[in-house]
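In the working numbering, the protein residues as written are 4 to 229.
For glycine and all other residues, C-beta sits at the position ideal for the given N, C-alpha and C.
Here's the structure, in structure tokens; my notes come after.
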């Protein structure tokens, strides 16, 4: 009889231990999930901040690209009197500054898996992988055209440079005789026309990304409120 009571007691203790361990794991799992969700929300809030930085950067790129296209048109249109800006305003390139630290943190911590909206997961991945890559490819082509333009324009005599401040175009003053040759330079014109196509494609990709940003901010705001 005593042995039976001991067996029952040991059995009960084992059950209690198993139950306690199970509960501990369950509670820890809940805490981990809570931590991940909090991490997800904080990460998404950071993503919004970085998307807004992209939005501002793309806004400037639109202005800069439109100005360059107009200057290229004016440079080779002899009906326009020449201005130093026609060369100086074109003589530059665009660079993609990637703002994706918070997105990468979501991925590296696994918090991205706690995003409930699958559309948001898909759009985030598409934006930071596909759209970023396409813009970067366009800007690399932009840079190559910029280098080719520079290699050709240095064949002409540059008399002086007036450096501009923030928002003001630096002006390159060429020899008056060379200006006529610059505007009739077939190779330079060919480089610039190809450059125009590159800039326009770049602008189209930026325009698409601006739409994606608005959609992402809306989806993220809804996700955080869940």
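If you draw a 10 Å sphere on the C-beta of residue 114, you find 16 or more other C-beta atoms in it, and that means buried. Around the beta carbon of residue 81, a 10 Å sphere encloses fewer than 16 other beta carbons of the protein chains shown; the residue is thus reported as exposed. A contact is defined here as three or more CB-CB pairs under 8 Å, and the region 114-133 fails this definition with respect to the region 86-96.
Burial state of residue 178 is exposed, judged by a 10 Å Cβ sphere holding fewer than 16 other Cβ atoms.
Distance from the Cα of residue 107 is smallest, within the candidate group 180, 45, 70, 90, for 45.
Contact between the region 155-165 and the region 116-135 is not established, with fewer than three Cβ pairs separated by less than 8 Å. In the DSSP annotation of this structure, the continuous segment of the beta strand (DSSP E) that includes residue 163 starts and ends at 161-165. In the DSSP secondary-structure assignment, residue 177 is bridged to 161. In this structure, DSSP gives residue 145 a helical state, which the three-state scheme calls helix. Nearest neighbour of residue 101 by Cα position, chosen from 171, 124, 79, 212, turns out to be 212. In the three-state scheme derived from DSSP, where H, G and I count as helix and E and B as strand, residue 79 is classed as helix. Of 204, 219, 228, 224, the smallest CA-CA separation from residue 129 is found for 219. When the Cα atoms are used, residue 151 and residue 194 turn out to be separated by approximately 7 Å. When DSSP states are grouped into helix, strand and coil, residue 97 belongs to the coil group. Here the alpha carbon of residue 111 sits roughly 19 Å from the alpha carbon of residue 226. Per DSSP, the continuous alpha helix (DSSP H) segment holding residue 207 begins and ends at 189-228. Residue 91 sits close to residue 174, with the two beta carbons spaced by under 7 Å.
When C-beta atoms of the region 195-214 are compared with those of the region 67-75, three or more pairs fall below 8 Å, so the two segments count as touching.
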